[in-house]
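**Student:** Questions regarding the structure given below will be posed in turn.
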Amino acid sequence: MNKNKKGSISARLNGRAWVFVIPSLVLIIAFVFYPMIQAFITSFQTGAGNNLDWTGISNYKRLLTDTTFKKALGNTVLYLVIQVPIMIILALVISSMLNDKRLKCKGLFRTAIFLPCVTSLVAYSIIFKSLFATDGFVNAILMKIHVISEPIGWITDPVWAKVLIIIAITWRWTGYNMVFYLAGLQGIDDSIYEAAEIDGAGAFEKFKSITLPMLKPIILFTTINSTIGTLQLFDEPMNITQGGPANATITISQYIYNILFKYSPDFGYAAAVSYVIVVLIVLLSFIQLKVGDKDD
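To get my numbering, take the position in the sequence shown, counting from 1, and add 490.
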């Protein structure tokens with residue numbers, strides 16, 4: 491076959507490939523990139539609806555003196571720093587336990603741990619508010635076993651309300667990360683663990699020297715994914731504590747919602763606040779990727 495014929499076949503194949511790629515590309519540009527650019531432009535404006543006035547960087551200057559924004563940013567970072575490591579470690583430990591071939595009813599346990607992430611948010615929020623109420627089941631049990639002497643204000647106390655949000659997020663999303671780790675663990679050859687056992691390695695040594703290094707790409711993926719999800723956290727504070735008490739559990743996403751729908755609408759300032767999330771996601775993802783590459 492001559493070069494001209496090969497070139498024509500390759501050109502036809504490329505043309506057919508673009509027929510499938512272009513629709514997706516158009517949709518991504520229309521529904522992802524265009525809104526991002528438009529939101530960035532809007533962040534330099536103020537007002538609501540079509541009545542927007544250009545204000546330059548005044549919205550970003552306002553961020554520096556906005557105490558509610560600082561509170562929301564602090565809460566979001568706190569959830570990120572505390573909850574994400576706990577969730578990742580729990581998911582790793584649980585997945586290692588459920589990957590044991592000697593364990594019976596593995597399917598039942600895996601399903602039970604994964605179920606929270608597909609449970610109705612409103613339903614589980616109502617249950618959590620009932621369980622962790624001042625006269626709820628959790629306080630009753632803790633008092634009965636003498637862990638506490640008086641009920642904890644899980645929803646009314648600023649510190650314990652944060653703890654409740656962290657518990658709720660961990661309960662909901664640990665099973666989601668567990669599925670990724672289980673898939674990775676099942677791709678590790680058993681002979682590697684058998685060789686380690688012959689060399690006298692214990693369970694912890696095998697976990698540290700084999701499981702963790704082999705799961706490193708998945709750990710990096712789930713860490714970045716969890717970081718993005720936590721920075722965008724909205725559902726739990728909105729439905730369980732409504733951001734209270736006194737904005738003690740409010741997050742950046744909930745503050746954006748309040749600016750748009752609860753306070754006097756200001757599309758420009760809401761867009762400016764939303765770009766704080768964009769910057770944090772890009773920055774933290776970049777750092778995590780660099781750290782992951784450095785360890786290779």
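Every residue, glycine too, gets a C-beta built ideally from N, C-alpha and C.
(1) For W661, which three-state DSSP category applies?
(2) Per the contact definition of three or more C-beta pairs closer than 8 Å, is the region 740-758 in contact with the region 550-568?
(3) Secondary structure at N541, three-state DSSP: helix, strand or coil?
(4) Are the CB atoms of K619 and I730 within a distance shorter than 8 Å?
(5) Could you say which of V769, Y765, V781 and Y759 lies nearest to G539 if we only look at CA atoms?
(6) State buried or exposed for M491, treating a residue as buried only when at least 16 other CB atoms are found within 10 Å of its CB.
(7) Since S713 sits in a beta bridge, which residues does DSSP pair it with?
(8) For Q722, name the three-state secondary structure that DSSP assigns.
(9) Nearest CA to the CA of I576: which residue from S716, L779 and F724?
(10) Measuring CB to CB, does A787 end up less than 8 Å from Y550?
(11) Alpha helix (DSSP H) containing K696: first to last residue?
(12) When you compare only the Cα positions, how much space is there between L605 and L598?
(13) Does DSSP put Q535 in a helix, in a strand, or in coil?
(14) If you reduce the DSSP assignment to three classes, tell me which class C607 lands in.
(15) Between the Cα of L553 and those of I749, D590, I578 and W644, spot the shortest distance and give me the residue it belongs to.
(16) Return the CA-CA distance between K596 and Y671, expressed in angstroms with no decimal places.
(17) Here's a check: name, in chain order, each residue in its chain whose Cβ is nearer than 6 Å to the Cβ of I767, leaving out the five neighbours to either side.
(18) Whole angstroms is fine: what's the gap from L580's alpha carbon to K698's?
(19) Assuming D725 and L611 form a contact by the criterion Cβ under 8 Å, report the distance between their Cβ atoms to the nearest whole angstrom.
(20) Counting Cβ pairs closer than 8 Å, one from the region 671-685 and one from the region 699-707, do we hit at least three?
(21) Would you grab the beta carbon distance between L710 and Q778 for me? Rounded to a whole angstrom, and I think it's under 8 Å.
(22) Please state whether DSSP places G734 in a helix, a strand or coil.
(23) How many angstroms separate the CA atom of N504 from the CA atom of L517?
(24) Have a look at S548 and L568 and give me their C-alpha separation to the nearest angstrom.
(25) According to DSSP, is G677 part of a helix, a strand, or is it coil?
(26) Please classify R552: does DSSP put it in a helix, a strand, or coil?
(27) Just the Cα atoms here: how many angstroms apart are F757 and P648?
(28) At the level of alpha carbons, what is the spacing between L588 and F530?
**Tutor:** Here's the rundown:
(1) Helix.
(2) The region 550-568 is in contact with the region 740-758.
(3) DSSP places N541 in the strand class (E or B) of the three-state scheme.
(4) It is a contact, given that the beta carbons lie within the stated cut-off.
(5) Minimum Cα distance to G539 is reached at Y759.
(6) Because the pLDDT of M491 is 49, which lies under 50, any placement of that residue in the model is unreliable, and the number read from its coordinates should be weighed accordingly. Within a 10 Å sphere around the beta-carbon of M491 sit fewer than 16 other beta-carbons, which makes this residue exposed.
(7) Rather than Ser, the amino acid found at residue 713 in this sequence is Thr. DSSP, once it has assigned bridges, lists no residue as partnering T713.
(8) If DSSP states are grouped into helix, strand and coil, Q722 belongs with coil.
(9) The option with the nearest alpha carbon to I576 is S716.
(10) Residue 787 is absent from the model: the chain starts at 491 and stops at 786.
(11) Per DSSP, K696 belongs to the alpha helix (DSSP H) from A693 to K696.
(12) Distance between the alpha carbons of L605 and L598: 11 Å.
(13) The answer is strand: DSSP assigns Q535 an E or B state.
(14) Helix.
(15) For L553, the nearest C-alpha among the options comes from I749.
(16) Distance between the alpha carbons of K596 and Y671: 15 Å.
(17) So the qualifying residues of the chain are L721 and I742.
(18) Approximately 15 Å between the Cα atoms of the pair.
(19) Distance from D725 to L611 at the Cβ level is roughly 5 Å; contact confirmed, criterion being Cβ atoms closer than 8 Å.
(20) In short, these stretches touch, since the Cβ pair count reaches three.
(21) Right, the Cβ-Cβ distance comes to about 7 Å (below 8 Å), so this counts as a contact.
(22) It is coil, neither helix nor strand.
(23) One Cα belongs to N504, the other to L517, and the distance between them is close to 20 Å.
(24) Cα to Cα, S548 sits roughly 27 Å from L568.
(25) Looking at G677 - three-state DSSP - the assignment turns out to be coil, as it is neither helix nor strand.
(26) Of the three classes helix, strand and coil, the one that applies to R552 here is helix, per DSSP.
(27) Distance between the alpha carbons of F757 and P648 is about 29 Å.
(28) Rounded to the nearest whole angstrom, the CA to CA distance from L588 to F530 is 45 Å.
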